[in-house]
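Novice: Take the sequence shown: its position 13, counting from 1, is numbered 13 in the working numbering, and each next residue is one higher.
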Amino acid sequence: RAPPHDQAAERALLGASMLKPETMHDVSVTIYPESFYADKHSEIYRAILTTFTKGDPIDLLSVSNFLKENNQLDRIGGASYLTELTEEVPAAGNALYYAGLVQSRSTLRNLIHAGDEISNELYRTLEYNDGKEQANPLYIMVTSGARGNRQQIKQLSGMRGLMAKPSGEIIERPSISDFRSGLSVLE
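(1) Along the chain, where does the alpha helix (DSSP H) that runs through Lys20 open and close?
(2) Let me know if Met159 comes out buried or exposed under the rule of 16 or more other beta-carbons within 10 Å of its beta-carbon.
(3) Three-state secondary structure (DSSP) at Gly77?
(4) Does the distance from the CB of Tyr81 to the CB of Ala9 come in under 8 Å?
(5) Within a Cβ cutoff of 7 Å, which residues of the same chain sit near His41, ignoring the five residues on either side of it in sequence?
(6) Measure the alpha-carbon distance for Ala12 versus Thr125 and round it to whole angstroms.
(7) Decide if Glu87 is buried, meaning its Cβ has at least 16 other Cβ atoms within 10 Å, or exposed.
(8) Would you check if there are 3 or more beta carbon pairs closer than 8 Å linking the stretch 61-75 to the stretch 92-110?
(9) So Ala47 packs on Phe66, CB below 8 Å; how close in whole Å?
(10) Where does Pro57 sit, in a helix, a strand or coil, going by DSSP?
(11) If Val102 and Ser35 are in contact, beta carbons under 8 Å, what's the gap, nearest whole angstrom?
(12) Could you work out which residue in Ser106, Thr53, Leu61, Ile44 is closest to Asp6 when comparing CA atoms only?
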């Protein structure tokens, strides 16, 4: 089945961003090109965001020119697709609402992806470590209540020598040489 997404919300957000560019001040804080499910929507948003970041006006012409200069205009469906986006917006003033819908679907996709990565890593651990799942940092993170994002999970995959603090934070396991006995004679 298809990952969570809302094509109508993606289209509405892109159209609203071109019709009411001032919404980008708020939208750009939570929405990134990777937030979009459709690749062509990611490219269009990247064009809008880059134009916004440069301080240039955001409209059909500027977005179309940006995409053309970066050899993306035909890939996204041409200038006619951009025009469709602006003509189909239910209400340009609802850009933040549309952004919330896009972001919530993006979050769900990221959670599903993270769950898949955790599952695969734990199965690999069981296969290669003869059932000693305690040695896996992902196992430690899950059983200790630690929280992490997808990037942290990728970094933890395959790493050894980690431990969880009572707070749930994953840290590198200190070596014996890191401890001080308190007896100057021994140190």
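Just so you know, even glycine gets a beta-carbon here, dropped at the ideal spot from N, CA and C.
Specialist: Taking the coordinates as given:
(1) In this chain, Lys20 is not harboured by any alpha helix (DSSP H), its DSSP state being neither H nor E.
(2) Confidence in Met159 is poor, its pLDDT being 47 and thus under 50, which makes the residue's placement unreliable; the coordinate value appears in the next sentence. Met159 comes out exposed.
(3) Here Gly77 carries a coil assignment [DSSP, helix/strand/coil].
(4) It is not a contact, given that the beta carbons lie outside the stated cut-off.
(5) Residues of the same chain with a CB within less than 7 Å of the CB of His41, apart from the 5 flanking positions on each side, are Glu10, Leu14 in chain order.
(6) Ala12 and Thr125: Cα-Cα distance of roughly 44 Å.
(7) Classification of Glu87: exposed, given that the 10 Å Cβ count is below 16.
(8) The stretch 92-110 and the stretch 61-75 do not touch, with fewer than three beta-carbon pairs separated by less than 8 Å.
(9) Between Phe66 and Ala47 the Cβ distance is about 4 Å, and since that is below 8 Å, they are a contact.
(10) Residue state, collapsed to three classes: coil.
(11) With a Cβ gap of about 6 Å, Val102 and Ser35 count as contacting.
(12) The shortest C-alpha separation from Asp6 is found at Ser106.
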